[in-house]
Amino acid sequence: MNFKLEEIARVSEGHRAALKKLKISTVLDLLYYFPVRYGDTSTATTIDKLVSGAHVAIFGRIIKASTKKAFRSNMPMAEAVVEDDTGKVKCIWFNQAYIAKMYTEGSLVKIEGVISARGKDKDELYFSNPHIESVARVPDAIGDSLFVDGGKESEPPYPIYRESKGITSNWIYHTLQKIFKDENYEKLQDPIPESILTKYNLPSLKTALVWIHAPRNLKHAEAARKRFAFEEIFLLQLERQMERNAVMQFKPYVVDIPQETIDTFTSKFPFELTDGQRKAITDILRDFKSGHPMSRLLHGDVGSGKTAVAAATTYALTMTRPMKDRDTRQSFGHLQTAYMVPTEILAKQHFDSFIKFFQHLPINIGLITGSGCRKFPSKVSSNFRNGNNGSTEISRNQLLKWVANGEIPILIGTHALIQKSVIWKHLGYVVIDEQHRFGTAQRKKLVRKDNSFMPHLLSMTATPIPRTLALTFYGDLDLTVLDEMPHGRKKVITGIVLPKHREEVYEKIRKEIQAGRQAYVICPRIDEADADKSGSLKLRSAVEEMKRLKRDVFPEYNLDVMHSKMTPKEKDLAMKKFSSGATHILVSTSVVEVGVSVENATVMLIEGAERFGLAQLHQLRGRVVRSNHQAYCYVLAENNSDKTVERLKALSTAKNGFELAEYDLALRGAGALTGDKQWGITDIGMEAIRNLRLVESARTEAKMILQSDPDLATHPLLQKELDSRGLSHFE
Ligand code: ADP
Ligand code: MG
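Going left to right, the sequence shown walks through residues 966 to 1696 as the numbering used here numbers them.
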C-alpha cells in the first residue's frame, strides 16, 4: 500500500495541501495516521429530545453556516443549523465568526453544550457558544443501545483525528473505509513475525489498523495502540542494534595508556575527582583498548563533572601515537579528538575549560565555530594578559590545515566540526555533548576512506529521561552513569513561591548580589510579540521583564537579556559580560538551559514555572549549582493551583533529574518530557515509554532476531520496513 493516495481516493487541490502539511502522501501514510483520541456517544441525544437548560451532545450535519453581526452590540458571530434524522437546531457563537468558516455546510459535527430557549413562548431552542468538533461519522444508534447476542453492546467510539485546514476527520475516516475495502488491503503484509505477535498477544497488522481507526470498542483500540507502540519500539531497537553491529565491524585506534599516566594528569586538576568520575574514566580506558570502537553514553546530572571525564580521556588520545605507517614503519603526531557541543557559547566555554586542563602541556587545542576559529597556545604570550585565555584568533583555513596535518590534536566546536571540509589526520575519539541526533551515519562520515578507522564515541548527556526512553533511544550505547556530585556541593535550596511573594525573592537576589554573587531571572517568553502568538499575555517575557526590573526594582545594578532571537555574536557578548561579572542579573529565556556555566551565579528566579516540565526546570536550576556556594532557586508559578504547586514540589523532594523525568512522565504524559520531538519517536511510541515491560520485550526480541539473522536476510519484510520508514541510516 505504498502507492499514492490519489490512486484510491478523490484528492482535491485543497486536500493535497493539507495532506502535505500532515506529511501524508501514500496510502500507508494515511493508515498510520492514527486518531488522537476517541469520542464516546454516551451523553449524546437526538435533536427531537432537546429540552431547555439541559447539557447534552448531539451529532449531525451542518446544513447552513454563516457569519453576521450581532443585533445591538455589532459583535461578530457565527450561526449554523445542524440537522440529524429527527430534526434541526440552531447554534450561535458570539465573537467566534471563524467557526462558520471552519465548519462549512455538509460537515459532520458533534455539538455539546447547554440548550437555551428564546422566542415568545420560550419554545425556540438553540445552542449558545457550544463546543463543536468535527467527527468522522454520525453514530448509528444514539440513545438506544444495540443488543448483540443477548448482551448489551454500546455504540462504538468514534475516532477523532488531528485536522488541518482542508482535511476533516470525516474525510480521513471515509477515505480509510475505502482503503479497507480495497483488494490491496488484503495483501498487506505484517513486518512483525507471527511468533512475536502470538507471544505478546498482539493483533496482526491488518486487524490492528481496523481496530485503531474503526474500533468496535475501546478495548480493541487499546490493543491496536499497544501493537503499534510495540512495533515502533521494536523497529527502533532493531535499527539501533544493527547500527551498533555495523560500527563493530570497523577497526578502532587502540589506545592503551596506563591508568597512572591519566592519574598524573588528573592530579593537576583544581579538584579531587569523584568516585563516579574515576569509574567513568576507567570504563572508557577499558573500551579504548578493547579492540572495538567504543560506543558509550555518559549520563550525568547537570554539574556532575562530565567535562573533566572528557578531558582526562582526551588526554589518553593525545598520549597515543597512531599506528606505524606500513611503508615507512614510522609513526607521526598524536591521535586526535573532536569535541562537539550544541552551541557557540558552549564551544567557547569548553575551549576555555580545556585550556585550563591542558595549559601545562605542549598540546595544541583548536576552536571552530560558525563565527570564527581560535588556537591555543598563542605564540604571543601577552595574550594571557587582559583576561585573555592565551589563545589567538586564526583563519579557518589555517586551522583546517593544522587539523589535517595532525598538529592540532584537540578540536572543540559546534557542528562546524563535522563538516566535509574538516579533514582529520588521525581522528580517534569523538566526544558529543547533548546532541541527541548524532547518529551512526554522522559518525561513519568521520571515517577516512583511506584508513577506515572508526573513532571511539562518547556521547554525554544530562537530559533527564526515563529509563525506558534511554533504553530505546540509546539502545546502541553502553551506559555509564555519573550519579554523584562533586564533594562539597551544597544542595540548591528550592522555593516554590506564590506571585504575591515576588518582592521577597527580589530582596534575596539583592542580598546575594551584595555578597558578590550574580543572578538569573528566567522568563517563559522572549518578547511581547512572542507572547501574543501564544495568546497568553500574562506570561512574562525576558525583554520586557529586563526593562521593568531595571526601572522599578534593581536600578542600581547592571541587567542584561539573553534569548534565542539574538545573533550568536550578541549572545556571546551577553554571556561574556555575565561571566566576567559585569552583568549582575541576566534575564533570559530557557536558552541558558543547556550547559551554561557561570560559577558565581548562585540565585535563580524562574517565572511562569508551570510552563516548564519538571526535568527542564531541573536543568535550568542546574545553572546555579556550579560551585560550592550555597545556591537558591525560586520557582514562581503564575497559576498557583494546588495541582501546580504539588507538581512543582517534586523539585525539592526528588533525588535527581532522572526521578523528575519519571514524575513528568507519570503526571503529564510523554509530551511533558523536554522536547519530545527531538527523540524522533511518534506520539504512540512515546506512550510506550510509559511501559517498561513493553520496551524491554521489544528490545529482547530485536536482539534475538539479530543474533540469528544479523542482516535480516531471512526477514525481508522487516528489512523493507526499516528502509521504507526512513528509520535506517544505512547508506
Ligand atoms: P556537567 O556534567 O554538567 O557538564 P561540568 O563538567 O560543567 O558539569 O562541571 C561543573 C563544574 O564542576 C565545573 O565548574 C567543574 O570544574 C566542576 N567540577 C567537576 N568535577 C569536579 C570535582 N570532582 N570536584 C569539584 N568540582 C568539580
Ligand atoms: Mg556539560
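A virtual CB, placed ideally from N, CA and C, is assigned to each residue, including glycine.
- Ligand 2 has no heavy atom closer than 7 Å to the beta-carbon of Lys1313.
- Here Gln1584 is buried. Its C-beta has 16 or more other C-beta atoms within 10 Å.
- Per DSSP, Thr1239 is not a residue of any beta strand (DSSP E), being assigned neither H nor E.
- Around the beta-carbon of Met1669, fewer than 16 other beta-carbon atoms lie within 10 Å, marking it exposed.
- The C-alpha of Glu1603 lies about 31 Å from the C-alpha of Pro1533.
- Excluding sequence positions up to five before and after Phe1230, its CB lies within less than 7 Å of the CB of Ala1277 and Tyr1280, all in the same chain and listed in chain order.
- The stretch 1149-1195 contains, as complete alpha helix (DSSP H) runs of 4+ residues, the segments 1159-1165 and 1170-1178 (chain order).
- Between Pro1121 and Ala1189, the alpha-carbon positions lie close to 15 Å from each other.
- Annotation: Gly1270 is outside any alpha helix (DSSP H) and is labelled neither H nor E by DSSP.
- Of the other Cβ atoms in all chains shown, fewer than 16 fall within 10 Å of the Cβ of Thr1163; this residue is therefore exposed.
- Taking a cut-off of 8 Å on C-beta distances, the stretch 1224-1242 does not touch the stretch 1390-1406, as fewer than three cross pairs fall below it.
- The stretch 1195-1213 and the stretch 1150-1168 touch, with no fewer than 3 CB-CB distances between them shorter than 8 Å.
- Cβ contact annotation for His980 (same chain, cutoff 8 Å, sequence separation greater than five): Gly1131, Ile1132 and Trp1136, in chain order.
- In this structure the stretch 1573-1593 lies against the stretch 1603-1619, because at least three pairs of beta carbons, one per stretch, are closer than 8 Å.
- For the pair Gly1337 and Ala1312, the Cα-to-Cα distance works out to about 11 Å.
- Gly1004: member of the beta strand (DSSP E) spanning Arg1002 to Gly1004, first to last residue.
- Leu1677 carries a coil assignment under DSSP once its states are collapsed to helix, strand and coil.
- Each residue's CA atom was taken as its position, placing Asp1240 and Val1557 some 28 Å apart.
- It is roughly 17 Å from the alpha-carbon of Asn1565 to the alpha-carbon of Ile1487.
- Glu1048 sits in a strand when the DSSP states are folded into three classes.
- Fewer than three beta-carbon pairs drawn from the stretch 1162-1182 and the stretch 1217-1226 are found closer than 8 Å, and the two stretches are therefore not classed as touching.
- DSSP places Gln1483 in the uninterrupted beta strand (DSSP E) bounded by Gln1483 to Ile1487.
- Here Gly1622 is not near Pro1342, since their CB atoms are 8 Å or more apart.
- In this structure Arg1286 is exposed. Its beta-carbon is surrounded by fewer than 16 other beta-carbon atoms within 10 angstroms.
- Note on geometry: alpha-carbon atoms of Gln1595 and Lys1473 lie some 13 Å from one another.
- Beta bridge pairing from DSSP links Ala1022 with Ala1009 and Glu1077.
- Scanning Ala1062, Asp1049, Thr1006 and Gln1324 for the CA closest to the CA of Lys1033 turns up Ala1062.
- Just measuring C-alpha positions, the residue of Phe968, Glu1204 and Asp1013 sitting nearest Asp1688 is Glu1204.
- Per DSSP, the beta bridge partners of Trp1058 are Ala1043.
- With respect to Arg1002, Ile1125 sits close: the two C-beta atoms are nearer than 8 Å.
- Checking the DSSP bridge columns, you'll see Thr1459 partnered with Cys1598.
- Per DSSP, Pro1223 lies in no beta strand (DSSP E) segment and is marked neither H nor E.
- Per DSSP, Arg1408 is not a residue of any beta strand (DSSP E); the alpha helix (DSSP H) it occupies stretches across Thr1405 to Lys1410.
- Residue burial is scored here from C-beta neighbours: Ala1678 has fewer than 16 other C-beta atoms within 10 angstroms and is therefore classed as exposed.
- Short of 6 Å from the beta carbon of His1020, and not among the five residues preceding or following it, lie these beta carbons of its own chain, in chain order: Val1079.
- By DSSP's assignment, Pro1095 forms no beta bridge with any residue.
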